[in-house]
Amino acid sequence: MSETTPAAETAAPHRYTAQLAAEIEGRWQDFWDTHGTFAAPNPSGDLDADPDLAARPKKFIMDMFPYPSGAGLHVGHPLGYIATDVYARYQRMTGHNVLHTLGFDAFGLPAEQYAVQTGTHPRVSTEANIVTMRAQLRRLGLGHDKRRSFATIDPDYYRWTQWIFLQIYDSWYDKAADRARPIADLVAQFADGTRATPDGRPWAELTPAEQSDVLGTHRLAYAAESPVNWCPGLGTVLANEEVTAEGRSERGNYPVFKANLRQWMMRITAYADRLLADLDALDWPEAIKLQQRNWIGRSEGARVDFPVHTVDGAPGEHAVTVFTTRQDTLFGATYMVLAPEHDLVDAIVPAGWPAGIPEVWTGGHATPAAAVAAYRKQAASKSDVERQAEAKDKTGVFTGAYAVNPVTGEPVPVFIADYVLMGYGTGAIMAVPAHDSRDFAFARAFELPMRCVVRPTDGRGEDPATWDDAFASYDAEIVNSANDTVSLNGLGVTEAKTAITAWLTERDIGHGTVNYRLRDWLFSRQRYWGEPFPIVYDEDGVPHALPDSMLPVELPEVDDYSPRTFDPDDADTSPETPLSRNADWVTVELDLGDGPRTYRRETNTMPNWAGSCWYELRYLDPFNSQALVDPAVESYWMGPREGQPAGGVDLYVGGAEHAVLHLLYARFWHKVLYDLGHISSFEPFHKLYNQGMIQAYVYRDARGIAVPAAEVTEDGAGTYHYQGEKVSRLLGKMGKSLKNAVTPDEICAEYGADTLRLYEMAMGPLDVSRPWDTRAVVGQYRLLQRLWRNVVDETTGEVTVSDAEPDEQTLRALHKAIDGVRGDLADLRFNTAIAKITELNNHLTKSGAPVPRAVAEQLVLLIAPLAPHIAEELWSRLGHPTSVAHADFPVADPELAQDPAVTCVVQVKGKVKARLEVPPAIADADLEALALADPAVVTALGGAAVRKVIVRAPKLVNIVV
RNA sequence: GCCCCGGUAGCCCAGCGGAAGAGGCAGUGCUCUCAAACAGCAUCCAGCGUGGGUUCGAAUCCCACCCGGGGUACCA
Numbered sequence: 001m002s003e004t005t006p007a008a009e010t011a012a013p014h015r016y017t018a019q020l021a022a023e024i025e026g027r028w029q030d031f032w033d034t035h036g037t038f039a040a041p042n043p044s045g046d047l048d049a050d051p052d053l054a055a056r057p058k059k060f061i062m063d064m065f066p067y068p069s070g071a072g073l074h075v076g077h078p079l080g081y082i083a084t085d086v087y088a089r090y091q092r093m094t095g096h097n098v099l100h101t102l103g104f105d106a107f108g109l110p111a112e113q114y115a116v117q118t119g120t121h122p123r124v125s126t127e128a129n130i131v132t133m134r135a136q137l138r139r140l141g142l143g144h145d146k147r148r149s150f151a152t153i154d155p156d157y158y159r160w161t162q163w164i165f166l167q168i169y170d171s172w173y174d175k176a177a178d179r180a181r182p183i184a185d186l187v188a189q190f191a192d193g194t195r196a197t198p199d200g201r202p203w204a205e206l207t208p209a210e211q212s213d214v215l216g217t218h219r220l221a222y223a224a225e226s227p228v229n230w231c232p233g234l235g236t237v238l239a240n241e242e243v244t245a246e247g248r249s250e251r252g253n254y255p256v257f258k259a260n261l262r263q264w265m266m267r268i269t270a271y272a273d274r275l276l277a278d279l280d281a282l283d284w285p286e287a288i289k290l291q292q293r294n295w296i297g298r299s300e301g302a303r304v305d306f307p308v309h310t311v312d313g314a315p316g317e318h319a320v321t322v323f324t325t326r327q328d329t330l331f332g333a334t335y336m337v338l339a340p341e342h343d344l345v346d347a348i349v350p351a352g353w354p355a356g357i358p359e360v361w362t363g364g365h366a367t368p369a370a371a372v373a374a375y376r377k378q379a380a381s382k383s384d385v386e387r388q389a390e391a392k393d394k395t396g397v398f399t400g401a402y403a404v405n406p407v408t409g410e411p412v413p414v415f416i417a418d419y420v421l422m423g424y425g426t427g428a429i430m431a432v433p434a435h436d437s438r439d440f441a442f443a444r445a446f447e448l449p450m451r452c453v454v455r456p457t458d459g460r461g462e463d464p465a466t467w468d469d470a471f472a473s474y475d476a477e478i479v480n481s482a483n484d485t486v487s488l489n490g491l492g493v494t495e496a497k498t499a500i501t502a503w504l505t506e507r508d509i510g511h512g513t514v515n516y517r518l519r520d521w522l523f524s525r526q527r528y529w530g531e532p533f534p535i536v537y538d539e540d541g542v543p544h545a546l547p548d549s550m551l552p553v554e555l556p557e558v559d560d561y562s563p564r565t566f567d568p569d570d571a572d573t574s575p576e577t578p579l580s581r582n583a584d585w586v587t588v589e590l591d592l593g594d595g596p597r598t599y600r601r602e603t604n605t606m607p608n609w610a611g612s613c614w615y616e617l618r619y620l621d622p623f624n625s626q627a628l629v630d631p632a633v634e635s636y637w638m639g640p641r642e643g644q645p646a647g648g649v650d651l652y653v654g655g656a657e658h659a660v661l662h663l664l665y666a667r668f669w670h671k672v673l674y675d676l677g678h679i680s681s682f683e684p685f686h687k688l689y690n691q692g693m694i695q696a697y698v699y700r701d702a703r704g705i706a707v708p709a710a711e712v713t714e715d716g717a718g719t720y721h722y723q724g725e726k727v728s729r730l731l732g733k734m735g736k737s738l739k740n741a742v743t744p745d746e747i748c749a750e751y752g753a754d755t756l757r758l759y760e761m762a763m764g765p766l767d768v769s770r771p772w773d774t775r776a777v778v779g780q781y782r783l784l785q786r787l788w789r790n791v792v793d794e795t796t797g798e799v800t801v802s803d804a805e806p807d808e809q810t811l812r813a814l815h816k817a818i819d820g821v822r823g824d825l826a827d828l829r830f831n832t833a834i835a836k837i838t839e840l841n842n843h844l845t846k847s848g849a850p851v852p853r854a855v856a857e858q859l860v861l862l863i864a865p866l867a868p869h870i871a872e873e874l875w876s877r878l879g880h881p882t883s884v885a886h887a888d889f890p891v892a893d894p895e896l897a898q899d900p901a902v903t904c905v906v907q908v909k910g911k912v913k914a915r916l917e918v919p920p921a922i923a924d925a926d927l928e929a930l931a932l933a934d935p936a937v938v939t940a941l942g943g944a945a946v947r948k949v950i951v952r953a954p955k956l957v958n959i960v961v
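Residues in the first sequence are numbered consecutively from 1, following the UniProt record's numbering.
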C-alpha cells in the first residue's frame, strides 16, 4: 500500500488512515489498561471488586493455551483469539460478567528446543518470547483480564501443578464407589483387614518397601517398569498420544522404539468409562467426540480360556486367555495367535515339531524354539512403518503347541504373529478365519482350516474354501455351532453372544468383559524444562511425597540443560535425565516426619501437558496461595447449571489437533479433582469450538524449493512467476519455512488492528479453513473508512451526525441489521454479522445525507465487538464519556426488523407467473384468493382445473393443475 | 480401507425445502485529480462437483460416485 501523499492529507486531514488507526488504537489500548476495563470481578476473594458486575450471569471464555514461540506470530495464530475476543465483548455488552484472559504454556519441548538452538537458558528465552508475544497480542486490542494471565513456568503456578500431582499420587480408584479416594482410605482398609493384601499377610507385617509396592499398584500416579516409547533422537520417552501412526515422534519426526523402562504413569484407564460417558453432556463438535471415543476404544466382548498342551507336557498345563468381541463365533476358532512378546510363548514351545504339519508353519527352522526365536528377532527389528506397509502380507510361525477349543474340544495350533499386538486385549486371540478378514488372510497364507459358523447373507455359500474374503457381517444367523451342552444354531449374532457367554461363565471358562484401547498415560520425561516431581526416594528406593510446605520444588539452575540425545536410529540407548547431572540438587537432606534423613530426588520432569491440564482453574483465582482455586470462585465460574450439567468453561476455542491429547488429559485431571472434592464441575470445557486454519499459497520453483510468496507475480493465464521463472502454486500451511508467512504486525502497520480483526472474521465461517489473501484486506479497511466518514468530516474532523429523526427506510435497515447481527454474534457467525453491518453502513453512505445521531450510535455499538478501537473513538467523539466495552448492545424492535410488505411469488406448476406485494402477516386463505385472482395467474391457468394450491404465507403460492 | 468436513460467479464466501446472492476481493467503465494513488459511483460475472431419487417445488433432504482437506489405521 502506498503512502498517503501530502496532497491527500491536505484534502482530507481527518481521513481514517493507517496512521490515524494506529494512533487511535494505541490510545484506547492504553485507556483499557489504565482503567482495567476488562478486569472481571470474582464474587469473593482478592479479585472481588465489583459486586454489581459479579451479580450478572457469567461467561467464561477461553482460548487454548499458546506456547510462546520464538519465531513470532503469523496472521493464522490470532484467528481464534480475535474470535473469542469478539464473542467476549459481545457477551460483555449483553449483560454478562465475562472472564477472558490468556496465559502461556511455556514448559516443554518446543520452548526447550528453541532455547537449545539459540544457546540461551530456556527461562531467559522463554520469558523473552512471552514479552514479544504479549506485545504482538496487545496490538490486536484483545480485551483480556491481564491480572489473570500467567505462565506455567512461574513457580507460583507450578507449585500447584505439583500439588495436584501429589493429590493424584495420594489417590486410588475405588471401583465400588466409582470414584477416586485418598490413598489413606485404602491403607486403612488394608490395616483393618477389610481388604486383603496380595499375598494374604497382615498389612503390618509388610516391610515399608512392600507396602509401598502394594500401594503403587493402586495409586492413580505410579512408577512402574513398562514398555514405553523411547525416542533417542529427542532423548526422551513419549506418551502413546505423542507417537504418530508411522511410529515416529510427533515432534521432530524421529523414530520411536519400544523399551522397558521404569517411568511415572497416570492411571487414566480407571476413568475410561466416565471419560466416554460424560462426552454426551458436552457441546463439542461430533468429530472431536468421535476421536475421543475411538481413542478410548471401548469394546464389549468376552475373555475365553484355551487350555494349551505341548506335545511333551500334560494337557491343560497352561491356559491362554484371549479377548474377543465375537464369542458367538467360538465354534469357528480353528487356530490361535499370540503376540510374539507374549510371556506364555516360552512355556508352551515343545522340543520338536509335531509330525505331519505343513512346511510353511515351521518357517524352515529345525525346532519350534529356533523358529520362535528367529521370528521374534525379525518382528522386533521391524519398524512400525514396515509392519504397517506389510500389513496385508501376514507373517508368523507355529509354536509347536496346540490348544483346545473349549466348545469343540478340537486341538487348534498356536501361532505367534505380529498382527496380534501385545498391548491390546490379552495379547492373544482365537482366530476365526471364516469371519475375520485378518484371520482369513493368515489362514490362507498358512494353509489353516476354516469353518463357516455364520451363514452368509450374500449368496456366497457356506464353504469358505470358495470365498475371497471373510464374512464379517453381524446381521446373520449362526450355524454349525453346537456341542452336547450348548447350541447357538439359528440364533442371531447378539443372542448367540449372550448365550455362549452365559455358557462359558457357568463353566468358568470365560466371562463377558469390556476392553479398552486406552492405556495408562506415560507421565515422565527426560527433560530439563519441565515441572520437577515433588517426590524423593529413601535409601531403599521407596518413593516419598514431599509435604505441601516443601512446594514448589523449583528447577535448579544448571550449566547444561540440554537433553542427552542419541543417534535417532540407535535403539540400544537409554535416556539420561538432565537433572541427574546435578548431584548437589539430587541428594538432599530432609525431615519428612522421622528426623533428618538423606534422600534422592526424582530427576524426571513432567510432560508439557501437565501445566495445561488445569490452567482453566487457575485463571479463576490466580493469586490464591491457600488453594488451587477457592471453591466459591470455582462454583461461580464453572459450576454445573441449567444446560451445562457437568459445568465447565462456556466457550473453549482452539485447534482440532488437540482432539485427543490435551483435551483427554485435562478432562482426566478435572475428574480427579472433582472426586477429591476440590471442585464442583466434573468437566472442564462445556462448549468446544475448533477454528479452521488460515492457509496460504506455497510457491515452489522447478527444484521444489519454496520461493518468497510476496514476490511471485501472476499472469492472466493462471501461471505464476518468480524472478522470471515459472513456479507452481499449492495451498498449504502458512509458515516461515514455506516463505509465505504474513505477520499481524505488517497488516496492522498497513491498515490497523481493527481492519485485521474484521478481515480475519469476515473471511469465512470460523470453523472452516481458508486461504489468506492480503489483497482482499483492503475491503474491510474501506468499510471502516466509510463508517468513519459517516460520523466524522474528513476535512474538519467535526462530528457530522444530525439530530434529525431517521427516515423509515433507514430505521428498518437499522433494526434488520441489529436483529441479524445479534443472532450471528451469539452463534459465532462473524462473517455474516460483518456483512450485515456493511450493508447497513453502505445504506447510510448511499443516502448521502448526514447520518442521524440515533442511527450512528447504534451502528457504532453494533461494530464495537468486532472493531473495538474505532468504536471507542467514535463513541467518545459522539459525546459519551465512558468506554463502549460495557455499553448495552442494541436491541431490535421486532416491528421494524420486519419488512412492511413482502413479495409473494405465485407459481403455476412450479414456474413463477406473478408477484404480489403483501403484508407479512397475511392469512393463507387471503393470500390464496389474491393469487387466484391475479390476471397473470388466470392467464397462465387458461381455465385448467386447479388440483391443489400450496400456500406458504407470506412468501409463496404454488398452484398445481 | 474406514470415519469426519467441504465443493455456489475469476477468487473468498451468504443462502441450507419455496424468485440463485448478503458481504468482500479482483475485472471493466465513469467521477475526483494536471496525472496517479486513495476515495466515490456504476457495472460485468455462476445456475449451485456429477448422476439418480423424494417433493407441487431441491443449492438445500436421501442414495451413489468424483474431487479437495483433515483424522485414523492389523484394536481381535
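Glycine included, C-beta positions come from ideal geometry on N, C-alpha and C. All figures in this text were calculated on a predicted structure; none of them were measured in a lab.
Query raised in the report: Any idea if residue 935 is buried or exposed, counting beta-carbon neighbours within 10 angstroms, 16 or more meaning buried?
Result: Reading the first sequence from its first residue, position 935 is the one you call residue 935. Looking at its Cβ environment, which holds fewer than 16 other Cβ atoms inside 10 Å, residue 935 is exposed.
(message) On a Cα-Cα basis, can you pick out the residue from 401, 845, 265 that is closest to residue 308?
(response) Here residue 308 refers to the residue found at position 308 when the first sequence is read from its first residue. Of the listed residues, the one whose Cα sits closest to residue 308 is 401.
**OP:** Note down, one range per segment and in chain order, each beta strand (DSSP E) of at least 3 residues found wholly within the UniProt domain "Methionyl/Leucyl tRNA synthetase" (64-169).
**Re:** Within the UniProt domain "Methionyl/Leucyl tRNA synthetase" (64-169), the complete beta strand (DSSP E) runs of at least 3 residues are 97-100.
When the distance is taken between beta carbons, is residue 784 closer than 8 Å to residue 870?
-> Residue numbering aside, residue 870 sits at position 870 when the first sequence is read from its first letter. Residue numbering aside, residue 784 sits at position 784 when the first sequence is read from its first letter. Taking 8 Å as the Cβ cut-off, residue 870 and residue 784 qualify as a contacting pair.
Since residue 221 sits in a beta bridge, which residues does DSSP pair it with? Along the first sequence, read from residue 1 onward, the residue named residue 221 stands at position 221. Partner(s): 266.
Q. So, helix, strand or coil for residue 772, using DSSP?
A. Indexing the first sequence from 1 puts residue 772 at position 772. In this structure, residue 772 counts as coil in the three-state DSSP scheme.
When you compare the region 173-190 with the region 551-571, are there three or more beta-carbon pairs, one atom per stretch, that lie closer than 8 Å?
Contact between the region 173-190 and the region 551-571 is not established, with fewer than three Cβ pairs separated by less than 8 Å.
Mind listing, in chain order, the continuous alpha helix (DSSP H) runs of no fewer than 4 residues lying wholly within the region 432-471? 437-445
- Task: Let me know the secondary structure DSSP gives residue 590 once reduced to three states.
- Result: On the first sequence, position 590 is the one that residue 590 refers to. Here residue 590 sits in strand by DSSP.
Looking only at C-alpha atoms, which of 295, 88, 148, 604 sits nearest to residue 104? Taking the first sequence and counting its residues from 1, one reaches residue 104 at position 104. Checked all of 295, 88, 148, 604; the closest Cα to residue 104 is 148.
Problem - Under the three-state DSSP convention, the category residue 740 falls into - result: For the purposes of this step, residue 740 is taken as the residue at position 740 of the first sequence. In the structure shown, residue 740 sits in coil (DSSP, three-state: anything other than H, G, I, E or B).
Quiz item: Where DSSP assigns a beta bridge to residue 249, which residues make up the other side?
Solution: Counted from its first residue, the first sequence places residue 249 at position 249. Paired residue(s): 243.
Is residue 671 buried or exposed, if buried means 16 or more other CB atoms sit within 10 Å of its CB? Against the first sequence, residue 671 aligns to sequence position 671. Buried.
Point to revise | Enclosing beta strand (DSSP E) for residue 173 [first to last residue] | key: What you label residue 173 is simply residue 173 of the first sequence in a count that begins at 1. Where residue 173 is concerned, the enclosing beta strand (DSSP E) stretches over 171-174.
Please check the pair residue 336 and residue 450, which I expect to be a contact at CB under 8 Å, by giving their CB distance rounded to whole angstroms. Stepping through the first sequence from its first residue, residue 336 is reached at position 336. Stepping through the first sequence from its first residue, residue 450 is reached at position 450. About 14 Å separates the CB atoms of residue 336 and residue 450; that is not less than 8 Å, and the two are not in contact.
Requested in this report: Would you kindly work out how many angstroms separate the C-alpha atoms of residue 808 and residue 825, rounded to a whole number?
Outcome: For the purposes of this step, residue 808 is identified with residue 808 of the first sequence, where counting begins at 1. For the purposes of this step, residue 825 is identified with residue 825 of the first sequence, where counting begins at 1. Cα-Cα distance, rounded: 25 Å.
Q. Taking Cβ to Cβ, would you say residue 951 is nearer than 8 Å to residue 927?
A. Counting from one through the first sequence, the residue named residue 951 turns up at place 951. Counting from one through the first sequence, the residue named residue 927 turns up at place 927. Going by C-beta atoms, residue 951 is nearer than 8 Å to residue 927.
Self-check item: 3-residue-minimum beta strand (DSSP E) runs that sit fully inside the region 344-424, ordered along the chain
Solution: Entirely contained in the region 344-424, the beta strand (DSSP E) runs reaching 3 residues are, in chain order, 397-404, 411-416.
Our contact map puts residue 977 next to residue 866 with C-beta atoms below 8 Å; I'd like the distance itself, whole angstroms only.
Outside the shown range of the chain, which is 1 to 961, sits residue 977, and nothing can be said about it.
Check: Among all the DSSP beta bridges, which residues are the ones paired with residue 725?
Finding: Here residue 725 is taken as the residue at index 725 of the first sequence, counted from 1. Answer by DSSP bridge pairing, in chain order: 722.
Exposed or buried, residue 131, counting other C-beta atoms within 10 Å across all chains shown (16 or more means buried)?
Reading the first sequence from its first residue, position 131 is the one you call residue 131. That one is exposed.
field: Closest by C-alpha distance to residue 12, when choosing among 269, 44, 931, 797
entry: The residue you call residue 12 lines up with position 12 of the first sequence. Among 269, 44, 931, 797, the Cα nearest to that of residue 12 belongs to 797.
Endpoints, the alpha helix (DSSP H) within which residue 52 is located: Within the first sequence, numbered from 1, the residue matching residue 52 stands at position 52. Looking at the DSSP string, the run of the alpha helix (DSSP H) that includes residue 52 is 51-54.
What separation, rounded to the nearest whole angstrom, lies between the Cα atoms of residue 63 and residue 687?
For the purposes of this step, residue 63 is taken as residue 63 along the first sequence, with counting starting at 1. For the purposes of this step, residue 687 is taken as residue 687 along the first sequence, with counting starting at 1. Between residue 63 and residue 687, the C-alpha separation is close to 12 Å.
Original post:
Would you call the CB atoms of residue 420 and residue 399 closer than 8 Å?
Top reply: Translated into positions along the first sequence, residue 420 becomes position 420. Translated into positions along the first sequence, residue 399 becomes position 399. Contact flag unset, no.
**Asked** In the structure shown, what three-state DSSP assignment does residue 550 receive?
**Response** Indexing the first sequence from 1 puts residue 550 at position 550. If DSSP states are grouped into helix, strand and coil, residue 550 belongs with the helices.
(message) Helix, strand or coil for residue 573? Go by DSSP, reduced to three states.
(response) Start at 1 with the first residue of the first sequence, and residue 573 comes out as number 573. Reduced to three states, the DSSP call for residue 573 is coil.
Does residue 230 come out as helix, strand or coil in the three-state DSSP assignment? Taking the first sequence and counting its residues from 1, one reaches residue 230 at position 230. Residue 230: strand per DSSP, three-state reduction.
*Sub-8 Å separation of residue 525 and residue 228 beta-carbons*: Counting from 1 along the first sequence, the entry for residue 525 is found at position 525. Counting from 1 along the first sequence, the entry for residue 228 is found at position 228. Not a contact, by the Cβ cut-off of 8 Å.
*Going along the chain, which residues of its own chain have a beta-carbon closer than 6 Å to the beta-carbon of residue 4, five neighbours each way excluded?*
Position 4 of the first sequence, counted from the start, is the residue given in the question as residue 4. Bear in mind that the predicted position of residue 4 carries a pLDDT of just 40, short of 50, making it unreliable; the figure below should be weighed with that in mind. Hits under 6 Å: 17.
Residue 961 burial status per 10 Å Cβ neighbour count (16 or more: buried): Taking the first sequence and counting its residues from 1, one reaches residue 961 at position 961. Flag for residue 961 reads exposed.
message = Let me check understanding here. Comparing Cα to Cα, which of 885, 350, 211, 379 lies closest to residue 540?
response = As a first step, residue 540 must be located in the first sequence, where it is residue number 540. Selected option, being the one with the closest Cα: 211.
Report task. Go to residue 299, then tell me how far its alpha helix (DSSP H) extends in each direction, as first and last residue. Result -> Residue mapping note: residue 299 aligns to position 299 of the first sequence, counting from 1. No alpha helix (DSSP H) contains residue 299, which is instead part of the beta strand (DSSP E) from 299-309.
- Item | Enclosing beta strand (DSSP E) for residue 543 [first to last residue] | In the first sequence, the residue the question calls residue 543 occupies position 543. Per DSSP, the unbroken beta strand (DSSP E) holding residue 543 starts and ends at 543-545.
message = Can you look up residue 854 in the DSSP assignment and give me helix, strand or coil?
response = Sequence index remark: in the first sequence, residue 854 carries index 854 (1-based). In this structure, residue 854 counts as helix in the three-state DSSP scheme.
- Identify which residue in 654, 480, 523 has its Cα closest to the Cα of residue 262. Numbered from 1 along the first sequence, position 262 holds the residue referred to as residue 262. For residue 262, the closest of 654, 480, 523 by C-alpha to C-alpha distance is 523.
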